[in-house]
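Structure first, then comments.
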Amino acid sequence: MWGAPGSGKTTFLAALDIALKRKRHGFNMAGMTEASVNLLIEMTDTLIVKRKFPPATNAIDYFEWELFRNQQQAADPFGTPMPPGPNRITLSLADPSGELARPERRTDPDRKKLIDELADSDGILFMFDPIREFEVGDAFSTTNGLLHQLTAAVASRDRDKFDGTLPQHVAICVTKFDEPKVLATAKKLGIIRRSPHDSHQLPWVHEHDALRLLTALTLVSGSGDGEMLLNALHQAFPGRVQFFVTSAVGFYVNPMTGRFDEDDPQNLVKTAAGLSRSGESRIRGALYPINVVEPILWLSEQIAHRP
Amino acid sequence: MRGDELALEALSAELAQLANGASFTAAEFTVHGVTLWTVARDDKGTPERPRYMEFADVPETDPAALADFYAKRLAPRLGRRLVLVARSRADYPAHLLALLLDKRHVPVYECQTPLKDHIRGAITVSPLRVGYELVVLRREEDGHLAPDLRQLFPQDAYSGYSTDLTVQCAPTDDRGTVFAVMIREHAAGATPASPRLRPIEIQSAKVPPGEYAVSAQLIRPGHVVFHGLPVQLVRESRTWREIMQTVPKRLPAPRPAHLVCMLEVSGPEHLEHRIERLEELIGEAEASGLQLKVSLVTYGPHSVERAVPEEPATVVAWATRSDLAVRKLGELKGRVPAENEYPRAAQVECALRLVAGRFTGRDPGRDGKPVLVTAGTRPPHPDRVDIHTEIIPCRDRVSWQKMFSSLCETFPDLKFGALCNAGAVGNVWSSLGRDAIEEVEVVDVSAFAAKLGLRDPVRAVPFPLI
Chain C
0 MWGAPGSGKT TFLAALDIAL KRKRHGFNMA GMTEASVNLL IEMTDTLIVK
50 RKFPPATNAI DYFEWELFRN QQQAADPFGT PMPPGPNRIT LSLADPSGEL
100 ARPERRTDPD RKKLIDELAD SDGILFMFDP IREFEVGDAF STTNGLLHQL
150 TAAVASRDRD KFDGTLPQHV AICVTKFDEP KVLATAKKLG IIRRSPHDSH
200 QLPWVHEHDA LRLLTALTLV SGSGDGEMLL NALHQAFPGR VQFFVTSAVG
250 FYVNPMTGRF DEDDPQNLVK TAAGLSRSGE SRIRGALYPI NVVEPILWLS
300 EQIAHRP
Chain L
0 MRGDELALEA LSAELAQLAN GASFTAAEFT VHGVTLWTVA RDDKGTPERP
50 RYMEFADVPE TDPAALADFY AKRLAPRLGR RLVLVARSRA DYPAHLLALL
100 LDKRHVPVYE CQTPLKDHIR GAITVSPLRV GYELVVLRRE EDGHLAPDLR
150 QLFPQDAYSG YSTDLTVQCA PTDDRGTVFA VMIREHAAGA TPASPRLRPI
200 EIQSAKVPPG EYAVSAQLIR PGHVVFHGLP VQLVRESRTW REIMQTVPKR
250 LPAPRPAHLV CMLEVSGPEH LEHRIERLEE LIGEAEASGL QLKVSLVTYG
300 PHSVERAVPE EPATVVAWAT RSDLAVRKLG ELKGRVPAEN EYPRAAQVEC
350 ALRLVAGRFT GRDPGRDGKP VLVTAGTRPP HPDRVDIHTE IIPCRDRVSW
400 QKMFSSLCET FPDLKFGALC NAGAVGNVWS SLGRDAIEEV EVVDVSAFAA
450 KLGLRDPVRA VPFPLI
């Protein structure tokens, strides 16, 4: 996993089990080590019971999870069509602190470890936080240095075969789709979809439209450097990039109607008084993660079918 | 019958027969000597505070000295009417008593209780010779004020007698409202329509304007206590003539006004200040003589989470008396907010809807010229998602802008005032404070009231109105 501080990497992972149980993706999830199981329980409890976000990662957390294809669900003619792909997906996930992405941490031993993890990985979940990019605009500066270091690390492994690009597949996740500004931008672009099978009528954005949203969001980057980020990722991983518009907590579903209401979509309650954006946020209602499983399934499929 | 009871009975009988302006004397023999008590009625028939004179240096045994003491010191002070002698101790100066009884034939009572207490007891139970009346002002239809009297106690009333009456206290200046207890005197020149009045007791205090159910109680002849007023009356220092000179000739009909208070009850931090300022505002409007009706609408934040109960905006009181509204305000002090109460907004929009609903279909001026004062800080919940503030929308999708515009269009005379904290944000407050906006911590309530037409020049009325 790769992303700036606060981009939602850990929350994304915490929502994975909920996403698998909320929607019929055809997979079950299991922790493969005691630590991974404990982390899974702890993070799910934080989201659902405490209705808070998991604390920020300090250095790098590792998760050993596996997804198993559920044959019974796959046979359900009324369920979501099963995506093609492997029956068993091993997730050896490294969740680094976003702080490690800062340019000033480039000589940090943990950063070196992160570069090695990324260089050795088959796929990368890249988290792009549009709200942070709007307010701070450091996505390019935090990504560019890592890309250079990752490129050097990959090149060093076999300098003769290195062609200037990186071999990993990258699922670029535009996080925080539930934020009103992101939803409003998607609505303005006319790329909001509703599934006829979804009784809650929750909005989502198809992978084909995700790049349009990301492009629109990078145009309003706080630093003006957002556009370079996309080019840098395309150049580094040519033809191996897919975009997803995601939300770990999803939108608010009115418990009275059981439906999403576009006039009242926020599932986060900001707890700071006045109009300050600082302070903790609480989760307001039930969690309906959006596009949390899909990037992982896409990555596993790409990895399974690579030459 | 014990000597004490006989002495009290004798004193009461003497007092009942005592003419106005007359007095009698009673002697008390104690171990310390002799005390002479003088009991008198003033020229209005009220028993006066008893006076006394002590003689401690009574000669013990020398007959010549004793006779000299009696003739030169005691006899001149016995007055024309010595009614009794009380012996309160066994070792009284017996020789002197014998000398006294030789000259004056009066009964002697053996008493355990000091004579002072018997005299006070006799005065206390002494019935009124003339009925007591309270000076009031009657407002004629044309606005003229005419002095009038309301009977408090009839002739022959005893102490403890009480009378209930309802009085209206009009706004006054610092000299307050005067409660003057009078008697009518049928003197030369007096007529039933224009009796000669003589004051018994004049008390005053700055009584907040309003209607009061008062109970007047006769404590003793000459002293009346008025229960049911919010302040304690004290003895008035002005002369009757000075007081009467302050009575205005006319009192215009009070102008009706309807003050609608919308109070944000969120969070405990500023609530008490808001309540106190609204209480002051109501007091200012009352003090200026308006015929005031007050409404109170409370509002806090919507519940935006599953576990937090919804507390809707509420009409706590509508077009009620100001004292009742103030009482309701007081009951809101110390409100404890719900755990996890939403901190970023409050239901201004729903409170406005309640007010508009109460006015709709009625003449909003029916209860007086309407004034809407909002005391709060937080912005309203928007009617739909607001990407700038990100405040969770109103669950009923009420728009404060629409409610405000509707009120302005429907009731052009409606005045808007806002009492907010320094942190108040959003253009909602400039709208709600269209005619007057002040910070709740530093507001000059008097000036704020004046801007909203809630304050007229005070015309002091010195007596209760009927």
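Chains as they are written, first to last, in numbering that gives the first Met the number 0: chain C, 0 to 306; chain L, 0 to 465. Even for Gly, the Cβ is constructed at its ideal location relative to N, Cα and C. All values reported here derive from a predicted model rather than from experimental measurement.
Own chain partners of residue i with C-beta closer than 6 Å, once the 5 adjacent residues on each side are dropped
i: L/D41; result: E47
i: L/S203; result: G175, V177 and E235
i: L/E109; result: G2 and R86
i: L/A212; result: T165 and G227
i: C/K269; result: S280
i: L/T373; result: M261, A417 and L431
i: L/A215; result: L151, T162, V223 and F225
i: L/E440; result: none
i: C/F125; result: W1, V169 and I171
i: L/E285; result: P208, L291 and S321
Local conformation of residue i per DSSP, three classes
i: L/S158; result: coil
i: L/F462; result: coil
i: L/C407; result: helix
i: C/K111; result: helix
i: C/V204; result: strand
i: C/H24; result: coil
i: L/M52; result: strand
i: L/D147; result: strand
i: L/A179; result: strand
i: L/T34; result: strand
i: L/C168; result: strand
i: C/T45; result: helix
i: L/C110; result: coil
i: L/D322; result: helix
i: C/S155; result: helix
i: C/H147; result: helix
i: L/K368; result: strand
Contacts of residue i in chain C (Cβ-Cβ under 9 Å)
i: L/E389; result: E178, P179, K180, Q265, L267, K269, L274 and R276
Residues near residue i by beta carbon distance below 7 Å, same chain, minus five either side
i: C/L228; result: A138, F139, T142 and T217
i: L/I390; result: R343, A344, P378, H380 and P381
i: C/R193; result: Q200 and P202
i: L/H222; result: E200
i: C/N69; result: G25, F26 and N27
i: C/R110; result: L99 and R104
i: C/G144; result: P102 and R105
i: C/R211; result: L188 and I190
i: C/A209; result: V173, F242, F243 and V244
i: C/V252; result: H199, R258, F259, G284, A285 and Y287
Outcome for residue i when other beta-carbon atoms lying within 10 angstroms are tallied against a minimum of 16
i: L/H142; result: Contrary to the premise, residue 142 of chain L reads as Gly rather than His in this sequence. L/G142 should be labelled exposed.
i: C/D128; result: buried
i: C/F67; result: exposed
i: L/I386; result: exposed
i: C/A314; result: This structure cannot speak to residue 314 of chain C, because chain C is shown only from 0 to 306.
i: C/E178; result: buried
i: L/A25; result: buried
i: L/T238; result: exposed
i: L/Q154; result: exposed
i: L/K332; result: exposed
Proximal residues of chain L, C-beta to C-beta of residue i below 8 Å
i: C/I254; result: In the sequence on display, residue 254 of chain C carries Pro and not Ile. Correct list: R305.
Neighbour list for residue i in chain L, Cβ cutoff strictly below 7 Å
i: C/D262; result: R383, V384, P392 and R396
i: C/A183; result: I386
- Item | Chain-ordered residues of the stretch 274–304 of chain L with a beta carbon less than 8 Å from chain C | V303 and E304
- Using Cβ-Cβ distances below 7 Å, what residues of the stretch 378–411 of chain L are close to chain C? R383, V384, I386, T388, E389, I391, P392 and R396
- Message: Beta carbons nearer than 8 Å to chain L: which residues of the stretch 277–288 of chain C have them?
- Response: R281, R283 and G284
- Any residues in the stretch 339–352 of chain L with a beta carbon nearer than 8 Å to a beta carbon of chain C? Which ones, in chain order? N339, Y341, P342 and R343
- Below 7 Å between beta carbons is the criterion; list the residues of the stretch 189–215 of chain C that meet it against any residue of chain L, in chain order. none
- Item | Under 9 Å (Cβ pairs) to chain L, residues found in the stretch 33–58 of chain C | R50
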